[in-house]
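Trainee: In my numbering, the protein residues as written are 1 to 248. C-beta atoms are modelled at their ideal positions from N, C-alpha and C, and glycine is treated no differently.
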């Protein structure tokens, strides 16, 4: 009986979407210039999804909602079965740290910290990810190797790395501790076509090992074409903004 209940729980977990938006409405506080509405969107666990749209269409706002940086004015964002709207701010921060690895457009590495220190940073505030790692330094080294970086760079300060090297460190930082979701914000925008494709190959290979869901926002159709599923933001979201609004 206990085994049956355990199997059923695992089955239910597998069938629960990684990401679900339900009747979501959001406007930035104090601003009447931008509003986004997403009636319904579901992304399955293990999917690789590109969210496509031009600058200013709401891609960054979408990621802010997905990561729980902000919460909807109406509706619900559910991540791995957890409604983010039921969590207070600190709890959302902890949940994001434990379950979502973020790759920022400008990487956001600590320039004076070493490569290893940058990679291990999420483990300092994400206890669940930390519990998944038996030997943090060893996993950081293995990630460096898997992503094509010389392990001799482990002790180098991030400020001394090339753009391509910084990008790989940012990916390693997002992947350490095997978060269930990787959320990437235009991480290939500064790369030429060859470097971009190599970056995506590495990201997909590492994500496939742990059945990690990958969602990347981009304005570039050639990047989106590499993903299993491409979603135009305009197909799932209704956005209203005035001409004075900035990039969101």
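1) Let me confirm a value: residue 192 is counted as buried when at least 16 other C-beta atoms fall within 10 Å, else exposed. Which label applies?
2) Are at least three pairs of beta-carbons, each pair with one atom in the stretch 92–100 and one in the stretch 132–146, less than 8 Å apart?
3) Under a three-way DSSP split, which group does residue 141 fall into?
4) In three-state terms, what does DSSP make of residue 237?
5) Which one of 45, 27 and 234 has the shortest CA to CA distance from residue 79?
6) For residue 119, does the three-state DSSP call read helix, strand or coil?
7) Here's a check: name, in chain order, each residue in its chain whose Cβ is nearer than 7 Å to the Cβ of residue 38, leaving out the five neighbours to either side.
8) What are the boundary residues of the beta strand (DSSP E) that residue 164 is part of?
9) Can you grab the Cα-Cα spacing for the pair residue 56 / residue 241, in whole Å?
10) Cutting at 7 Å between CB atoms, please list the residues of its own chain near residue 96, excluding the five before and the five after it.
11) Under 8 Å between the Cβ atoms of residue 77 and residue 85?
12) By Cβ distance below 6 Å, which residues in the same chain neighbour residue 153 in space, the five residues on each side in sequence not counted?
13) Let me check you understand the geometry: is the CB of residue 89 closer than 7 Å to at least one non-hydrogen atom of the ligand NAP?
Mentor: Per the coordinate set shown:
1) Numbered from 1 along the chain shown, position 192 holds the residue referred to as residue 192. Exposed, because fewer than 16 other Cβ atoms sit within 10 Å of the Cβ of residue 192.
2) no
3) On the chain shown, position 141 is the one that residue 141 refers to. Residue 141: helix per DSSP, three-state reduction.
4) Here residue 237 corresponds to residue number 237 of the chain shown, with the count starting at 1. Strand, per DSSP.
5) Stepping through the chain shown from its first residue, residue 79 is reached at position 79. For the residues 45, 27 and 234, the minimum Cα distance to residue 79 belongs to 45.
6) For this step, residue 119 is matched to residue 119 along the chain shown. Helix at residue 119.
7) Within the chain shown, residue 38 is the residue found at index 38, counting from 1. These residues qualify, in order along the chain: 21, 24, 236 and 237.
8) Here residue 164 is taken as the residue at index 164 of the chain shown, counted from 1. Taken as a continuous stretch (DSSP letters only), residue 164 belongs to no beta strand (DSSP E), being part of the alpha helix (DSSP H) at 163–175.
9) As a first step, residue 56 must be located in the chain shown, where it is residue number 56. As a first step, residue 241 must be located in the chain shown, where it is residue number 241. Their Cα atoms are separated by approximately 9 Å.
10) Taking the first residue of the chain shown as 1, we reach residue 96 at position 96. Excluding residues within five positions, the ones whose Cβ falls inside 7 Å are 67 and 68.
11) As a position in the chain shown, residue 77 is number 77, starting the count at 1. As a position in the chain shown, residue 85 is number 85, starting the count at 1. For residue 77 and residue 85, yes; Cβs fall inside 8 Å.
12) By 1-based counting over the chain shown, the position of residue 153 is 153. Only 115 meet the Cβ criterion.
13) Here there are no bound small molecules, and the ligand NAP is not part of this structure.
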